[in-house]
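Asker: Throughout, our numbering is defined as the position within the sequence shown, counted from one, plus 374. Backbone N, C-alpha and C define an ideal beta-carbon position, used for all residues, glycine too. First the structure, then my questions, so here it is.
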Amino acid sequence: MEHKKIIFQVAVPGPFSTPLDYLAPEDCTLPDNPLGLRVKVPLRKKQVIGVITGEKPESDSTRKKLKSISYALDDAPLHSPTLMKLLQWASDYYHCPLGDVLAASLPAALRKDKTLLYYQNKFLKTPEKNIFTKQEEPLSLNSEQQKALHILLQHTEGFKPFLLYGVTGSGKTEIYLQMIDALLKKQKQILVLVPEIGLTPQTLLHFQERFSVPIAVIHSGLSDNEKLKSWLLAKEGLAPIVIGTRSAIFTPLPKLGMIIVDEEHDLSFKQQDGFRYSARDLSLVRAQFENIPIILGSATPSFESLHNTHLKQYHFLGLHQRAGNASLPSIKLIDLKKQSLTAGLSKTLIDAIKKHLAQKNQVLLFLNRRGYAPSILCPECSFLAKCHRCDARLTYHHTPARLRCHHCHYECKPYTHCPSCQHQNLILLGQGTQKLEETLKTLFPEETLLRIDRDSTRKKNAIKGLLEKVQQGQGNILVGTQMLAKGHHFPNVTLVAILDIDVGLSSNDFRSTERIAQLITQVAGRSGRACNPGEVLIQTHFPEHPIFNILISEGYLSFSKHALNERASAKLPPYHFLAVLRAESKNASYPLAFLNDVATFSKKIKSPINVMGPIAAFMEKRAGYFRAQLAFQAAKRSQLHDFLNKIIPSLDGLTFSKRVRYIIEIDPQEVL
375 MEHKKIIFQV AVPGPFSTPL DYLAPEDCTL PDNPLGLRVK VPLRKKQVIG
425 VITGEKPESD STRKKLKSIS YALDDAPLHS PTLMKLLQWA SDYYHCPLGD
475 VLAASLPAAL RKDKTLLYYQ NKFLKTPEKN IFTKQEEPLS LNSEQQKALH
525 ILLQHTEGFK PFLLYGVTGS GKTEIYLQMI DALLKKQKQI LVLVPEIGLT
575 PQTLLHFQER FSVPIAVIHS GLSDNEKLKS WLLAKEGLAP IVIGTRSAIF
625 TPLPKLGMII VDEEHDLSFK QQDGFRYSAR DLSLVRAQFE NIPIILGSAT
675 PSFESLHNTH LKQYHFLGLH QRAGNASLPS IKLIDLKKQS LTAGLSKTLI
725 DAIKKHLAQK NQVLLFLNRR GYAPSILCPE CSFLAKCHRC DARLTYHHTP
775 ARLRCHHCHY ECKPYTHCPS CQHQNLILLG QGTQKLEETL KTLFPEETLL
825 RIDRDSTRKK NAIKGLLEKV QQGQGNILVG TQMLAKGHHF PNVTLVAILD
875 IDVGLSSNDF RSTERIAQLI TQVAGRSGRA CNPGEVLIQT HFPEHPIFNI
925 LISEGYLSFS KHALNERASA KLPPYHFLAV LRAESKNASY PLAFLNDVAT
975 FSKKIKSPIN VMGPIAAFME KRAGYFRAQL AFQAAKRSQL HDFLNKIIPS
1025 LDGLTFSKRV RYIIEIDPQE VL
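And the structure:
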């Protein structure tokens, strides 16, 4: 096609609010529909990779000012028009430059010079067989599962969002599998999103046991080549099932028939730096653009999703009983004001551990703090070991012996004496999972113990190996952080103990009660998932706290109703909408100075927006940067975006804008 009289709009990564204009390449032709095509373009003194996002007629006045596209990297666009529409929507909604959004949507290898054809020849020489045959037979369903599946099977065509609520162990995965069965028979592809790498092996195993079709896996724990091969299999339609974490939402799927978002409430679906998107929310938009059904599954649905069911925007499907012969565990509080502790463990808990171990069952102790001790104190001068780059204490790690900051990853050798007064007997305060592991080995020397946290799973496939040991009953006592709280099926665990839950009860973040309720429910849900009854013990100094009373006596859904009423009264999400402007600088005064200028400028704009702040971040200094934020609150989403579209173009012109790094975050999950 003749492109000589057309200007191409090319999005490149970087601080460009709009795509850049280029003329057609001089020495090659472009395909008839170049939207989404990767091209090499000159930018300043470099050649960079961009993506064609639009075109417009050329005028004589512009021709002399523009450079030409150097060449096209591929014969055809990498993304379909529908996926390009999603990426443009994401750029607009999250107020992120389109070039950065497009770069984030591609595997790292495709952000370089090699052509798609090169990688196809490298990784797809032997095409994967795409023959659908079942292996394991489907499980029988109870009446609630049958009802939910029947409704889902009636909506395999067209956009329809479902919230599949199911208590822990209710068999949500079996419903996913039987829905996938139906879609595979229609020659469709299915995208399954899971929040963390730790859930991927278990999900993959379920699917491999049921289906013999190729399954592509996409997550950050894979090498660039492994991710690219999975991406190519999905793009070519050779992988009918794609399982992935957050970034898998951008995978090209030519025959996409359904999206499943498992553990939809999980914070891991929200990108916390750079292009700060929500994979859950984008999955809903993609399902709408693709005109396909989507299932959001959780035992502890997000308040946003529950609110959408109240508005009839999502169809609610409920599973209120556990599958098979399993029953929900009993939950009891241990009042720490009335009991003495042995290395952080109450006598009631120690006795319960002994009882369950004597019955040849597994026990799980949850402590959401890794390392050995979270603080090091000098008893002479009260010196506390702190990170010099963050407003945070250094955590002592026992194996290997290091002091580490869990925020900026700074580490150093442990102190042999106090650096302030030279006193030699420093005290380790508190406990992390390493110290808990040591304590339990002392109390129960004959038992096999497995610790599962970020430190014990750093090596590739370590999490898979540890989870396999748990499934095989090789560990009698399990110690873990949040990695053990989500979605795992441990049939031999009959006792779950939650330690040090009180930390979350004092948070100033308005979402803290929601997070605590989800955490307790999810951790408790690892207990009693097979024939033997389960027990959950929660150690706390505040047994009278309302969150315990409602959650334990009435359950998560009842708790959410109470909490949502409080949110509505306070005009907080999901009833109102938030955006946060975050600024940071190595100079302590610049972030607040910049945000004060923004606040002053914002109040000059006629708008119903409530401007809140600025205030310093809860952890003001992190990784050497001082941080502050300014929040914007609106009754309507459209009001919020109209307001942001008015102020964002003026931000770079403010006095301190060149002295800070700033970013707009839409729908922030962590406000303080």
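1) On the three-state DSSP scale, how would you describe Glu-811?
2) Report the three-state DSSP secondary structure of Asn-742 (helix, strand or coil).
3) How long is the line joining the alpha carbons of Ala-1002 and Ser-391, rounded to whole angstroms?
4) If you reduce the DSSP assignment to three classes, tell me which class His-689 lands in.
5) Is the CB-CB distance between Pro-569 and Ser-642 below 8 Å?
6) Between the beta-carbon of Ile-912 and the beta-carbon of Ile-727, is there less than 8 Å?
7) In its own chain, which residues sit with a C-beta less than 8 Å from the C-beta of Ala-937, not counting the 5 before and 5 after it?
8) Which residue's Cα is closest to the Cα of Ala-898: His-780, Arg-412, Arg-885 and Ile-875?
9) If Gly-806 and Arg-763 are in contact, beta carbons under 8 Å, what's the gap, nearest whole angstrom?
10) So for His-639, helix, strand or coil by DSSP?
11) What is the DSSP secondary structure of Gly-899, counted as helix, strand or coil?
12) What does a CB cutoff of less than 8 Å around Arg-941 pick up in its chain, not counting 5 residues either side in sequence?
13) With the cut-off set at 8 Å, would you say Tyr-688 and Leu-537 are in Cβ contact?
14) One question on the structure: do Gly-618 and Ile-592 come within less than 8 Å of each other, judged by their Cβ atoms?
15) Roughly how many angstroms lie between the CA atoms of Gln-421 and His-771, to the nearest whole one?
16) Please work out which residues of its chain come closer than 7 Å, Cβ to Cβ, to Asn-504, disregarding the five sequence neighbours upstream and downstream, and give them in chain order.
17) In whole angstroms, what is the alpha-carbon distance linking Val-737 and Ile-708?
18) Tell me the residue span of the beta strand (DSSP E) that contains Glu-429.
19) Do you know how far the Cα of Gln-856 is from the Cα of Ala-759?
20) Gln-1043 by DSSP, collapsed to three states: which one?
21) Below 8 Å, how does it come out for the region 967 to 983 and the region 914 to 925: are there three or more Cβ pairs, yes or no?
22) Measure the beta-carbon distance from Gly-847 to Asn-866 and round it to whole angstroms, keeping in mind my assumption that it falls under 8 Å.
23) With a 10 Å radius around its C-beta and 16 neighbouring C-beta atoms as the bar for buried, classify Thr-403 as buried or exposed.
24) Less than 8 Å between the C-beta atoms of Leu-852 and Ile-894, yes or no?
25) Between Asp-555, His-684 and His-580, which has its C-alpha nearest Ser-934's C-alpha?
26) Assuming Tyr-467 and Ile-1040 form a contact by the criterion Cβ under 8 Å, report the distance between their Cβ atoms to the nearest whole angstrom.
27) Is Lys-534 helix, strand or coil by DSSP?
28) Please classify Met-553 as buried or exposed, where buried requires at least 16 neighbouring CB atoms within 10 angstroms.
29) Considering only C-alpha positions, which residue in the set Leu-578, Ser-959 and Gln-798 is nearest to Cys-755?
30) Alpha carbon to alpha carbon, what distance is there between Leu-879 and His-524?
31) Closer than 6 Å by C-beta to Gly-636: which residues in its own chain qualify, once you throw out the five before and the five after it? Chain order, please.
32) Following the continuous beta strand (DSSP E) through Arg-696, name the residue where it begins and the one where it ends.
Answerer: So, from the data block:
1) Reduced to three states, the DSSP call for Glu-811 is helix.
2) Coil, per DSSP.
3) The C-alpha of Ala-1002 lies about 23 Å from the C-alpha of Ser-391.
4) Shown here, His-689 sits in a strand according to DSSP, grouped into three states.
5) With contacts defined as CB atoms closer than 8 Å, Pro-569 and Ser-642 qualify as a contacting pair.
6) It is not a contact, given that the beta carbons lie outside the stated cut-off.
7) Closer than 8 Å at Cβ, skipping near neighbours: Phe-677, Thr-887, Glu-888 and Ala-891.
8) Checking every option, the nearest Cα to that of Ala-898 belongs to Ile-875.
9) With a Cβ gap of about 21 Å, Gly-806 and Arg-763 do not count as contacting.
10) In the structure shown, His-639 sits in coil (DSSP, three-state: anything other than H, G, I, E or B).
11) The answer is coil: DSSP assigns Gly-899 none of H, G, I, E or B.
12) Phe-677, Phe-884, Pro-947, Pro-948 and Tyr-949.
13) Yes, the pair counts as a contact, with Cβ atoms nearer than the cut-off.
14) Yes. Within cutoff.
15) Approximately 46 Å between the Cα atoms of the pair.
16) In this prediction, Asn-504 scores a pLDDT of 45, lower than 50, which makes its location untrustworthy; the coordinate-derived value is nonetheless stated afterwards. Only Val-587, Pro-588, Leu-612 and Pro-614 meet the Cβ criterion.
17) Going from the Cα of Val-737 to the Cα of Ile-708 covers about 17 Å.
18) 420 to 431 is the extent of the beta strand (DSSP E) around Glu-429.
19) Taking the straight line from one Cα to the other gives about 25 Å.
20) If DSSP states are grouped into helix, strand and coil, Gln-1043 belongs with coil.
21) Contact check between the region 967 to 983 and the region 914 to 925: fewer than three CB pairs, one atom from each, fall below 8 Å, which does not count as touching.
22) Contact holds; Cβ gap of about 5 Å.
23) Exposed is the label assigned to Thr-403, since fewer than 16 other Cβ atoms lie within 10 Å of its Cβ.
24) Against a cut-off of 8 Å, the Cβ pair of Ile-894 and Leu-852 comes out as no contact.
25) Out of Asp-555, His-684 and His-580, His-684 has the C-alpha closest to the C-alpha of Ser-934.
26) Approximately 6 Å separates the beta-carbon atoms of Tyr-467 and Ile-1040; this is inside 8 Å, confirming the contact.
27) Residue state, collapsed to three classes: strand.
28) Using a 10 angstroms sphere on the CB of Met-553, the tally of other CB atoms reaches 16 or more, which defines it as buried.
29) With distances taken between Cα atoms, Cys-755 lies closest to Gln-798.
30) Rounded to the nearest angstrom, the two C-alpha atoms are 41 Å apart.
31) The question names Gly, but residue 636 in the sequence shown is Asp. Result list for Asp-636: Val-568 and Gly-671, in chain order.
32) From DSSP, Arg-696 is part of no beta strand (DSSP E); its letter is neither H nor E.
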